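**Student:**
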Amino acid sequence: METIVKVFENVDHLSAYFGEMLKQHIHALPVKRGFTISLSGGSTPRAIFNYLAKHFNESIAWSNLRLFWGDERCVTPDSQESNYRMAVESLISRVAIPKSNVFRIEGEKNPPEQAKEYQQKVIQNVAMINGRPAFDLFMLGLGEDGHTASIFPNQPDLFVSEKLFEVAIQPESGQQRITATPVLINQSRNIVFLVTGESKAGMVARILKKHEGWEHLPAAHIKSINGNVYWLLDKAAASKLN
Ligand code: 6PG
């Protein structure tokens, strides 16, 4: 497993690189097996998805993708808070992905039950490595507090859970979330952190330079067993790295 850090002038350049990465990985797969990708949420991916929909609409074989989510807020799919809604608006509604290839987390349902149901959905639809589902690519963001997916620093039980999905609580709002755990994320063939903006620079440096206390952060528990971890950063997010 290697950690590969790439810094880009801006989010468009980062998105272009990510699009090429996707294109190459998808085209390398035998057509019969769909490329499984777990999408991240929050605001960062919106610009990236918009770019992919605009500039990679024709060049990526979108019908070969099978979309999942690494986390979802426990809200209805039409909520402004919904990661699913954000992905539909910025990407899914604009490219040729069959509805049957979109496996959303049903945030509106009972959280503990949905965590179990979604775990089964992933087990049934994602190719296994050593008996566990291994996504071809797992997208992650990074919060200013070091959280990733919805694995928050104040919920260390989630770092070591043997379940693939758990219910988490957003510390400020108390909002319930369904989140993938490191035991699932770390199975992925490619783990890609996509981080932009000055506000993340301190946390990026703390994690990548292993500054004091970094090992207690959720992102420190993300280590790919079956591939590489990529950090795609814009200059602002990388501004404290050297
Ligand atoms: C979520 C995300 C979360 C996000 C980070 C960064 O559901 O909010 O999964 O982990 O990636 O909080 O969010 P921003 O991109 O909005 O800064």
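Residue numbers (the working numbering): 951 to 1192. All C-beta atoms, glycine included, are put in the ideal place defined by N, C-alpha and C. Just so we're clear, the structure is a prediction, and the values are computed from it rather than from any experiment.
Cutting at 7 Å between CB atoms, please list the residues of its own chain near Arg-1023, excluding the five before and the five after it.
**Tutor:** Taken in chain order, the residues that qualify are Glu-1031, Ser-1032, Asn-1033, Gly-1057, Gln-1125 and Arg-1127.
**Student:** Can you say whether Met-1078 is buried or exposed, counting buried as having 16 or more other CB atoms within 10 angstroms of its CB?
**Tutor:** Classification of Met-1078: exposed, given that the 10 Å Cβ count is below 16.
**Student:** Please state the DSSP three-state secondary structure of Leu-1108.
**Tutor:** It is helical.
**Student:** To which residues of the same chain is Val-1025 closer than 6 Å at the C-beta, ignoring the five residues directly before and after it?
**Tutor:** Closer than 6 Å at the Cβ level, and outside the excluded window around Val-1025, lie Glu-1031, Ser-1032 and Gly-1057.
**Student:** Which ranges would you report for the beta strand (DSSP E) in the region 1004-1091 if only whole runs of at least 3 residues count?
**Tutor:** Runs of the beta strand (DSSP E) inside the region 1004-1091: 1015-1019, 1021-1023 and 1087-1090.
**Student:** Just to confirm, are Leu-1017 and Ile-1047 a CB contact at a threshold of 8 Å?
**Tutor:** Going by C-beta atoms, Leu-1017 is nearer than 8 Å to Ile-1047.
**Student:** What does the Cβ neighbour count give for Arg-1035, buried or exposed, with the cut at 16 atoms within 10 Å?
**Tutor:** It is buried - the Cβ of Arg-1035 has at least 16 other Cβ atoms within 10 Å.
**Student:** Should Leu-1090 and Thr-1098 be called a contact, given that it needs their Cβ atoms to be closer than 8 Å?
**Tutor:** For Leu-1090 and Thr-1098, yes; Cβs fall inside 8 Å.
**Student:** Within the present structure, is the beta-carbon of Asn-1033 separated from the nearest heavy atom of the ligand 6PG by less than 7 Å?
**Tutor:** It does: the Cβ of Asn-1033 is within 7 Å (strictly closer) of some heavy atom of the ligand 6PG.
**Student:** Cα-Cα, which of Phe-1085, Ala-1118 and Ser-1043 is closest to Pro-1062?
**Tutor:** Nearest of Phe-1085, Ala-1118 and Ser-1043 to Pro-1062, Cα basis: Ala-1118.
**Student:** Going by C-alpha to C-alpha distance, which of Ser-1040, Gly-992, Pro-995 and Pro-980 sits closest to Ala-1011?
**Tutor:** Selected option, being the one with the closest Cα: Pro-980.
**Student:** On a CA-only basis, which of Thr-986, Pro-995 and Leu-989 is nearest Leu-964? Give me that one, please.
**Tutor:** Per the Cα distances, Pro-995.
**Student:** Would His-1166 be called buried (16 or more neighbouring beta carbons within 10 Å of its own) or exposed?
**Tutor:** It counts as exposed.
**Student:** I need the straight-line Cα distance from Asn-1192 to Ala-1170, nearest angstrom please.
**Tutor:** Between Asn-1192 and Ala-1170, the C-alpha separation is close to 19 Å.
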